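Chemist: In the working numbering, the protein residues as written are 483 to 787.
1. In or out: residue 686 buried (at least 16 other Cβ within 10 Å) or exposed?
2. In its own chain, which residues sit with a C-beta less than 6 Å from the C-beta of residue 727, not counting the 5 before and 5 after it?
3. Counting C-beta neighbours from all protein chains within 10 Å, is the total for residue 571 16 or more, i.e. buried, or is it exposed?
4. Enumerate in chain order the residues of its own chain whose CB-to-CB distance from residue 604 is below 8 Å, with the five nearest sequence positions on each side excluded.
5. Give the secondary structure of residue 561 by DSSP, where H, G and I count as helix, E and B as strand, and everything else as coil.
6. Distance check for residue 507 and residue 516, CA to CA, integer angstroms please.
7. With DSSP as the reference, identify every bridge partner of residue 640, one or two as the case may be.
8. Using alpha carbons as the reference points, say which of 678, 617, 748 lies closest to residue 710.
9. Do the CB positions of residue 486 and residue 577 come within less than 8 Å of each other?
10. In the DSSP assignment, the alpha helix (DSSP H) including residue 613 goes from what residue to what residue?
11. Going by CA-CA distance only, name the one from 549, 584, 637, 596 that's closest to residue 575.
12. Among 491, 499, 489, 490, which residue has its Cα nearest to the Cα of residue 690?
13. Can you pull the DSSP bridge partners for residue 734?
14. Can you give me the C-alpha to C-alpha distance between residue 729 and residue 740, rounded to a whole angstrom?
15. Give a yes or no on contact between the stretch 663 to 677 and the stretch 584 to 601, applying the rule of three or more CB pairs nearer than 8 Å.
16. Is it buried or exposed, residue 698, if we count other Cβ atoms within 10 angstroms and call 16 or more buried?
17. Under the three-state reduction of DSSP, which class applies to residue 606: helix, strand or coil?
18. Among 743, 640, 695, which one has its Cα closest to the Cα of residue 565?
19. Output the distance between the C-alpha atoms of residue 722 and residue 695, rounded to the nearest integer angstrom.
20. What is the rounded straight-line gap between the Cα of residue 501 and the Cα of residue 495?
21. Which residues bound the beta strand (DSSP E) around residue 689?
22. Let me check understanding here. Comparing Cα to Cα, which of 526, 612, 716 lies closest to residue 692?
23. Using C-beta distances below 6 Å, list every residue in its chain close to residue 773, excluding the 5 sequence neighbours before and after it, in chain order.
24. Please confirm whether residue 550 and residue 523 have their CB atoms less than 8 Å apart.
25. Tell me the DSSP secondary structure of residue 742 in three-state form.
26. I'd like the list of long-range same chain contacts for residue 724, defined as Cβ closer than 7 Å, with 5 residues on each side in sequence excluded.
27. Within 10 angstroms of its Cβ, does residue 492 collect 16 or more other Cβ (buried), or is it exposed?
28. I think residue 560 touches residue 634, with their Cβ atoms under 8 Å apart; what is that distance to the nearest whole Å?
29. In its own chain, which residues sit with a C-beta less than 7 Å from the C-beta of residue 769, not counting the 5 before and 5 after it?
30. Compare the beta carbon distance of residue 542 and residue 531 with 8 Å and say whether it is the shorter of the two.
Have a look at this one:
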C-alpha cells in the first residue's frame, strides 16, 4: 500500500527549541492517531506535512511529493486546527459557503459543496443558526464541514475532541469513523489515549519531538501497560473502603489521606469494576474518583526515563 505521508530524518527547530527531531515514519491510508502529550511536537509535525513550515533538516512528502508551496498537493488536503476562528454572527452555512467562494468556487458549486459538507458533518439541522449559538461540539463539526467542502483525500484534525462533553466526544468518534467509511484518510492528533483507541488501532507516538513508537494499538498498549497506574478515591472512610483492594493481586500499594486513598495498580479495569460495584451498593460512600493517567505526560516520562 502506497504511503500517504513519508518523513525522512525530519527535524524542525525554532531558535534553540527543537520541536521535531529526526523523525522517520511512513503513514498509510486510513485513520491514524497521532498521540503524545501537550508540547510533544504533534502540531508542528502537522504543519510540516501541510507545508506551512519548512523543515530545518530532512524531508517530508505527501502523496510522494514535497508539500511546501505545492498547490497540487494542497488541493488534496484539508486541516482543522485546534483553535476556532469564526465569524460569530454568520450561520454555519454562510461560513462554509463564503469560504468556498474565497477559495475560488463559483456560486452554484459553493452552495452545493457547503450543503454536502454540512450533511457529512451532521450539521444540516442547525446550519442556518448563528455560530454564536453553537455548542463546542457543533463548532468542531462546522470546522470539519468547512474542511470537507473541498473534497480532500486527506484530513488533519488537531485535537478535535478537546473541550467536548461525553456526548460531543461520542458524536465526534462516530463522525470520524463515518469519514473513513466514505474513503477519506484522517490523521487525528490527541494527548489522550482512550480518545484515539476508540477511533483507530494505528498509532504514532511522539514525545519531545521524537518518534517513540509506531504500529498497531496492541503494540503500543504493551508499552503503556508497563506503566504503574494510580487511582485516587475521595471518601469519608479511606481505610474501610480501601480494604477490598488489598485482595486484588494487581494492586501494588495503597496511600492514605484524611479524606481519600490512592490505589497503585498494574491494571486499571479490575479496580474500576470494584469501585463501580461499591458505588452501586452505596453511592454515598464515594465522593470522587480521579486517575492520574488522564493524559500521557506521566506515561511518556516513565517510558523514556
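Backbone N, C-alpha and C fix where the C-beta goes; we use that ideal spot for every residue, glycine too. Given the structure is predicted, the values throughout are model-derived calculations rather than measurements.
Modeler: This is what the structure gives:
1. Buried, because 16 or more other Cβ atoms sit within 10 Å of the Cβ of residue 686.
2. For residue 727, where only same-chain residues beyond five positions count, the Cβ hits under 6 Å are 733, 745.
3. Exposed: under 16 other Cβ atoms inside 10 Å.
4. If we look at residue 604 and ignore the five residues flanking it on each side, its Cβ neighbours are 623, 653, 657.
5. Here residue 561 sits in strand by DSSP.
6. Spanning the two alpha carbons is a distance of roughly 12 Å.
7. Within the DSSP bridge table, the entry for residue 640 names 671 as partners.
8. Taking only the C-alpha atoms, the option nearest residue 710 is 748.
9. No, the Cβ-Cβ distance between residue 486 and residue 577 is not below 8 Å.
10. It is not in any alpha helix (DSSP H) - residue 613 carries neither H nor E in the DSSP assignment.
11. Comparing Cα-Cα distances from residue 575 to each of 549, 584, 637, 596, the minimum goes to 596.
12. Nearest option by C-alpha distance: 499.
13. Checking the DSSP bridge columns, you'll see residue 734 has no partner listed.
14. Cα to Cα, the separation comes out at about 22 Å.
15. Flag = no, the stretch 663 to 677 and the stretch 584 to 601 do not touch.
16. With a 10 Å radius around the Cβ and a threshold of 16 neighbouring Cβ atoms, residue 698 comes out exposed.
17. Looking at residue 606 - three-state DSSP - the assignment turns out to be helix.
18. Nearest neighbour of residue 565 by Cα position, chosen from 743, 640, 695, turns out to be 640.
19. Annotation: residue 722 to residue 695 spans about 42 Å, alpha carbon to alpha carbon.
20. Rounded to whole angstroms, residue 501 to residue 495 spans 5 Å at the Cα level.
21. Looking at the DSSP string, the run of the beta strand (DSSP E) that includes residue 689 is 684 to 689.
22. Checked all of 526, 612, 716; the closest Cα to residue 692 is 526.
23. Hits under 6 Å: 713.
24. The beta carbons of residue 550 and residue 523 sit no closer together than 8 Å.
25. Secondary structure of residue 742 (DSSP, three-state): strand.
26. Within its own chain, the residues whose Cβ lies closer than 7 Å to the Cβ of residue 724, once the five positions on either side in sequence are excluded, are 736, 743, listed in chain order.
27. Residue 492 is buried by the Cβ-count criterion.
28. Yes, residue 560 and residue 634 are in contact; Cβ-Cβ is about 4 Å, under 8 Å.
29. Only 716, 717 meet the Cβ criterion.
30. In contact: residue 542 and residue 531 (Cβ atoms closer than 8 Å).
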